[in-house]
Amino acid sequence: MAAMQRYSIFSLLRGALSGHRGWQPAWRAPEPKSSYDVVIVGGGGHGLATAYYLARNHGIANVAVLERGWIGGGNTGRNTTIVRSNYLLPENQRFYEHSLKLWEGLSRDLNYNVMFSPRGVINVFHTDAQRDYWIRRHNGMRYAGIDAELLTRSDLARLVPALDLSPAIRHPIVGGVIQPRGGVARHDAVAWGYARAADALGVDIIQDCEVTGIDIQAGRVTGLQTSRGPIGAGRVGLAVAGHSSRLVEMAGIRLPIETHLLTATVSEPVKPFMDKVVSVAAAHVYVSQTDKGEVLIGGTLDGYNSWSQRGSPARLEDILSAACEYFPRVSRLRQLRHWAGVMDMSMDGSPIIARLPVEGLAMTGGWCYGGFKATPASGWCLAWTLANDAPHALNAPFSLERFRTGAVLDENGAGPVAWGH
Amino acid sequence: MLLIPCPFCGDRDETEFAYGGDAGTERPADPGAATDEAWTDYLCFHDNPKGPHREFWFHRDGCRRWLTVERDTHTHELGAVRLSRP
Amino acid sequence: MRRQPFRAAEGGHLIDRSEPLRFDFDGHRQEGYRGDSLASGLLAAGVRIVARSFKYHRPRGVWGFGSEEPGAMVATGVREEVRPNLKATEIELADGLMAFGQNAWPSVAWDLGAAVGMAGNVLPAGFYYKTFMWPPRWWLALYEPVLRRMAGFGPAPSAPDGAFYAKRRMHADVLVAGGGPAGVAAALAAARAGAKVVLADENVRFGGGLLRAPGEIGESDGLAWIDAAIGELEAMANVRLLRRATVTGYYDHNLLLVAERAGGDAAPGTPETRLWFVRAREAVIAAGAHERPLLFAGNDRPGVMSASAAGGYAHAYGVLAGQRAVIAGNNDSIYAVARLLRGAGVSIAAVADARAESGARDLPCRPGRTVERALGSRRVRGALLRRTDGRAGDRSERIACDLVAVAGGWSPAVHLHTQARGSLSYDEERGLVLPDRPGGANRSAGAAAGRFDLDGCLAEGWAAGVAAAAASGHERPAGEPPRSPDRVAGDAPVFWRIGAGKQFVDLQYDVTAADVELAAREGYRSVEHVKRYTALGMGTDQGKTSGMAGLVLLSEAIGRPVARTGTTTFRPPYTPVPMAAMAAGLIGEGRDALRRTAADDWHEARGAVFTAAGLWRRPSYYPREGMDEEEAISAEVREVRAGVGIVDVGTLGKVDVQGRDAAAFLDLVYANRISTLKAGRGRYGLMLREDGRVFDDGVVMRLGENHFYLTTTTAQHHAAMQHMEFLLQTVWPELEVYATDVSEHWFAAALAGPGSRALLGEVAPGLDVSDEAFPMMAVRAATVAGLSALVFRMSYSGELSYEIAAPADHGLALWTRLLTAGREHGLTPYGTEAMGVMRIEKGHVTHAEADGRTTPDDLGLGRMVNAGRRSIGRRSLDLPALCRKGRQQLVGLAVIDPEARIPPGCQVAERDDMRPAAPLGHVTSFCYSPTLGRAIALALVENGRSRIGQTVYVASPVTGLAMAAEIVPPVFYDAEGTRLRG
């Protein structure tokens, strides 16, 4: 295959001289081969990252990524783009910190600017109990070698002038914490960057290819039935968060996952006034401003099983009123559009990156709110698991068995209620 | 926003209700006799169909009755809505 | 110069020439008339550059007429009052209006940012993905801040929106979205049938397309017919008309959101926007269609505009969008527009019809030709016309003009149809994306369904109204649909572009045809990829004018039929909705009511410092002269332990449980056995979740054989109640039990301290308070301070203590009478802080310890679990991970240095260097204990119970504090419990 066309300011200048006619496709559009060493189902960030790391870290390049629609069209393109590793449980801290470190070098690794911007992720709190919890969480991060700092109200006033710090509001803000290395990235670019880099290493990315069945012989996966014909596979990795239950069901396996809606919305773009990502505990809302200038607002689940991709206006009223209450100037803006992601909500709020009880079959899913930031490490761990037929220490805790033994990773302590996390 | 026909209170917005999850999962009658697998099936491994689903809803801000509701999780179309305890 | 040089001497059905208005744009005083939009006012004044584009800062003028406007983005107001990103076409002129063009400095006319446009060649779609990667730190430090500043759009406001916003909710039989001919006909049919109808239209006046161009209905002028129909509807009791009201979203179960703006002449107190939540049995989507652009070089220059808009400014406002016009298009509408403009006084330089065969004798026609390039930079100065069939040797014709009116055909507004999950089809021949199968109880009619002739719109609207009324249970209305002689279909063949150069598809985000082609060349071949790679259609006009052009360009670039390329998802809202309108009524106490206990007035008068407990506020402590917070709290603790104190516990959840099976039920709900309680006695009760983790705790009192009264914590009151109702109604429906939430019915206060018995004896003379007659964990009905009450003897503080519950209406009386009676006894009111100190000293757990991850055994409560194997959560305790060794266990921590104070959120570590290492556990609760004279804490520590006696470090790396502490049993004070039995 041809070497990947390098991107740089010089290639852009050269492009300008030729009217930009010389740009090659970022990835090929190959016909599927009859079989591959590994087939990844799901052409979102996680699936494409898995293929990339299989080829780059494990030398397994005879790989196909099958995507039902267009790559990056699922939750990769529907999230609020936040990247952070400020978790409570050590297992989550280790995993997400590994992910954050991969993010930090990702643009150069992929030669594609994913615009990872470590602008700082802030959580503000209102009561003593919330204060104790958030500081404890950030102290725990420090013990795990992760950056974390405490913010006073005057720190908050300096860092986030848009935040209402008045003691007269219903739930006055008493302080906050920050993970300075947390931030945001350009969600679509992550899928595209991984696709381009994986393609350059020989991975076939096959769009418009829906998986309709999983072939299993003598307890071992042998291939997939697809809308573009059968494709043989030595091993199969599933990276279809949002639809994990349905895919895994094809192999006769049930998952401790329910599918729920998560709504997000953006305002019209305005000039920059806020560069931090701020999450408000009392209102379950998080707010940032994109590079384009839109105010991006996310909240909690709609709260009932749904695959509809259309959120309820009740949830919008919730998150927009919270945004207006804590960031009063936002009330002058107008809501431009809103959408909902279809989320794999696991029963303990933590993901599953594990081999499944069919030989050669493994998955990454159950991402709840954490999927976007996990993209690099999720692919990294699933690639490892597929290549070695065993989990890496980082993803060993994210097994399916934990739901049988009770060794769940209940980050919020909400119990086995999918919509409670 | 769903409009749920409560058998007592009539058509009400979803905001008056609390969701109670899959109604197809039955609690083992004698949990002490259930295997770990049977017990955790009940705890964690629930139906998650894309399509018709039987589920519990609680009319929290109304008559405080638990309802068993048939709802399509893809279209949100409602089928039968009845009291969980008639 | 005349103030309104481009205002025709007469005409303009929307304006009132008797009322001139003055307004200000970019610092220049202008004049218009009542009824003008800002766009028409600016055009009349000759202002052509209204804004600057997003990326290249190219000049942007008025392109459209209404909510489809892509270019003329302005801000109104000044400084903190600024309101950004408004479409000049949607702003009603008001006297004194201050408006500014956006995205420009110092002004839209002279914008330094335009320098970026010169570098445009280096900045194709997605350029930022290809560069700014080195050096790594420069992205955050330099590249991104510059990009951010160049992007954005309007100015960022700095103050909240002080205007008033409101919401209303209503039910309707039929909601009609759009008040053009189709919508009005639909509303008329449905209303005459007796249906409850809401007719909403986004303009100031009903009429839709008739606002822009004259038409004939019946024997009369179209607008006159509309006015008469509206008059009829207005008089009907079953009809609500909403003007300036855009149907913005279509949601589940036929809920539609309608954003109604206040008019320029609205009465004081009218909400800026009123958001209607309409549950409609049926909806009629008559939202019209948007005129498409033509693609040619310079098609973004001010002076290039939608032909129907150009006609509309003349017809509705008497405003000439130019003096000399070239009109170009691919359908018959160009001739009507040309005659309309000519009639208003515009000189028509040429009418270029892309189709070869068309023509009109009365106009300077150029059949088979279209615009190849608009000339001029800051505004149009001419146009090059060229043959569309590409015949060799053809030379372009240069025509001087200051207006290029383009008519690229119409795109039906299918947004609401698709929001309702309707499917779309592509009509290859007509070049239209059309609504196909509806996804809810709705039907599309008129231009929104691809009918562009007036007669067809009226017929289809009427039929939709009849059908919607029938579907919502109404008879067929009397009368026939109105007719019109206008039966010109107005279809346009798909024709998009000619020539080369910068041809803009999306005027707002500066997406050119070359950008779309570049995306396709680079492999971004899905329509969603193109949208995301180029930002096409993601602006505030949401691609209303650009969508179809982008789709056709992409299809050509990838060599795939349009029908297979598919459209992007149209996400709500249809037009931007003010955030403040969505938030209306839900700010502050509108979101979370502030709950106060019955004794709140007393606490307030006493000067208590309050703390939040869920929605409640509770006294945290009562400040004392000359004491800081810790001293005041310590004083409260000491006075309780030495004398007697009183605390308001009115926030606890209280549940009355009765019925034949009540005791059996409580054995299932609690992990410990309740059924063995004797009447008149109580017991601490522990609730688990089904996964074996501690859920809640409280006290269960047996008032009679089949009658219990139990308390929950403040935090879990609602969850616990819902949990019990779930179990009774779905898991054990056979049990005869009635659980009633009586939390609102009872107020409660606790008397605590060695002096509490004497005080209680005094205020409840009928009650034998001796230890024998009223032992620990007994309950008695009694008259206390002259009020009937229930008295429980139990203890949270570790002292002799009584909890007194009285009906909530008597709560304040009970509290004040106890305080009055207690004066002689030195009764001290104490708050949640002192209560917390005493419970930590006693090692009682709260939700800081029972955090949803801990089992009874983790908390040292393992021996309580004895209710039986069917009880909730019991089975889970046998799962391997819940009974494994090495779990974290609750212990006490006694800080060694008596002067040290524990900061919030500490971890428990083996060393004091605070360097990365696995902590042993974490502090759950902490305080300064005046009883022990040192800081103490409860903590969850790995194998904690086996570490008692070890020295560890309580550490907070984020505050830089670490201190040595001894691990001790979690009960610091009176472990034998002699005091509470006293």
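Same order as they appear, the protein sequences are chains L, R and D.
Okay, so the first sequence: first residue is 0 according to numbering that gives the first Met the number 0, each after it adds one.
Okay, so the second sequence: first residue is 0 according to numbering that gives the first Met the number 0, each after it adds one.
Okay, so the third sequence: first residue is 0 according to numbering that gives the first Met the number 0, each after it adds one.
From the three backbone atoms N, C-alpha and C, an ideal C-beta is built for every residue, glycine too.
Quickly, what does DSSP pair residue i with across the bridge? List them, please.
i: VAL91 of chain D; result: The question names Val, yet the displayed sequence has Glu at residue 91 of chain D. Beta-bridge pairing links GLU91 of chain D to D:SER36.
i: MET344 of chain L; result: L:GLU257
i: LEU644 of chain D; result: Position check: residue 644 of chain D holds Gly in this sequence, whereas Leu was assumed. Answer is D:ALA751, D:THR827.
i: ASN91 of chain L; result: ASN91 of chain L pairs with nothing; no bridge assigned.
i: GLN888 of chain D; result: D:VAL940
i: HIS921 of chain D; result: D:GLN906, D:LEU939
i: HIS289 of chain D; result: D:SER410
i: TRP418 of chain L; result: DSSP output for TRP418 of chain L lists no bridge partner at all.
i: THR853 of chain D; result: Answer is none; THR853 of chain D lacks a bridge partner.
Please confirm whether residue i and residue j have their CB atoms less than 8 Å apart.
i: GLY339 of chain D; j: GLY310 of chain D; result: Checking the sequence shown, residue 339 of chain D turns out to be Leu, not Gly. Yes. Within cutoff.
i: LYS129 of chain D; j: SER10 of chain L; result: yes
i: PRO350 of chain L; j: PHE397 of chain L; result: yes
i: PRO213 of chain D; j: ARG59 of chain D; result: no
i: LEU109 of chain L; j: GLY192 of chain L; result: yes
i: PHE664 of chain D; j: LEU709 of chain D; result: no
Against residue i, what residues of chain R qualify as contacts under a CB-to-CB distance less than 9 Å, listed in chain order?
i: PRO89 of chain L; result: Chain R residues near PRO89 of chain L: none, gap ~22 Å exceeds 9 Å.
i: TRP418 of chain L; result: TYR18, GLY20
Using only CA atoms, which one of the options lies nearest to residue i?
i: GLY233 of chain L; options: L:GLY76, L:GLY181, L:LEU385; result: L:LEU385
i: ILE318 of chain L; options: L:HIS283, L:TYR6, L:GLU293, L:LEU332; result: L:HIS283
i: ALA140 of chain D; options: L:ARG403, L:SER116, L:GLY228; result: L:SER116
i: LEU274 of chain D; options: D:TRP224, D:MET169, D:LEU362; result: D:MET169
i: ALA165 of chain D; options: D:GLN418, D:LEU254, D:LEU585, D:PRO437; result: D:LEU585
i: ARG380 of chain D; options: D:ASP401, D:THR369, D:GLY263; result: D:ASP401
i: VAL970 of chain D; options: D:LEU892, D:PRO806, D:CYS905, D:ALA171; result: D:LEU892
i: ALA2 of chain L; options: L:SER106, L:THR49, L:VAL329, L:GLY201; result: L:GLY201
i: GLY765 of chain D; options: D:ARG838, D:ALA751, D:ALA780; result: D:ALA780
i: ASP740 of chain D; options: D:VAL656, D:HIS56, D:PRO897; result: D:VAL656
i: THR574 of chain D; options: D:SER36, D:ALA964, D:ALA244; result: D:ALA244
Name the chain D residues whose beta carbon is nearer than 7 Å to that of residue i?
i: ASP35 of chain R; result: LEU878
i: CYS323 of chain L; result: MET578, ALA579, ALA582, ILE586
i: ARG97 of chain R; result: What is shown of chain R runs 0 to 85, which leaves residue 97 of chain R out entirely.
For residue i, return the contacting residues in chain L, with the cut-off set at a CB-CB distance below 7 Å.
i: ASN120 of chain D; result: ALA15
Closer than 8 Å by beta-carbon distance: list the chain R residues that pair up with residue i, in chain order.
i: VAL730 of chain D; result: ARG26
At a CB-CB cut-off below 8 Å, which residues of chain L make contact with residue i?
i: THR74 of chain R; result: SER307
For residue i, go through chain L and note every residue whose CB falls closer than 9 Å to its CB, in chain order.
i: GLU13 of chain R; result: ASP301, GLY302, TYR303, SER311, ALA313
Using the beta-carbon of each residue, which ones in chain D are nearer than 8 Å to residue i?
i: HIS125 of chain L; result: ALA611
The segment 502-521 of chain D: positions lying closer than 8 Å to chain L by Cβ:
ALA513, LEU517, ARG520, GLU521
Taking Cβ-Cβ distances below 9 Å as the criterion, which residues of the segment 28-56 of chain R are in contact with chain D?
ALA28, ASP29, PRO30, GLY31, ALA32, ALA33, ASP35, TRP38, THR39, TYR41, LEU42, CYS43, PHE55
Proximal residues, the segment 340-360 of chain L versus chain R, C-beta separation under 7 Å
MET346
Which of the residues in the segment 945-956 of chain D, read from start to end, lie with their CB under 9 Å from any CB of chain L?
ALA954, SER955, PRO956
When you check each C-beta in the segment 241-274 of chain D against every C-beta of chain L, which residues fall closer than 8 Å?
GLY248, TYR250, ASP251, LEU254, LEU256
So if I threshold CB-CB distances at 7 Å, which residues from the segment 918-930 of chain D count as touching chain B?
Absence of chain B from the displayed structure is noted, the protein chains being L, R and D.
So if I threshold CB-CB distances at 7 Å, which residues from the segment 298-314 of chain L count as touching chain R?
GLY302, TYR303, ASN304, SER305, TRP306, SER307, SER311, PRO312, ALA313
Could you please tell me which residues of the segment 380-408 of chain L, in chain order, have their CB closer than 7 Å to any CB of chain D?
THR404, GLY405, ALA406
Beta carbons nearer than 8 Å to chain R: which residues of the segment 169-189 of chain D have them?
none
Determine which residues of the segment 141-167 of chain L have a Cβ less than 7 Å from any Cβ of chain D, and write them out in chain order.
ARG141, TYR142, ALA143, GLY144, ALA147, GLU148, LEU149
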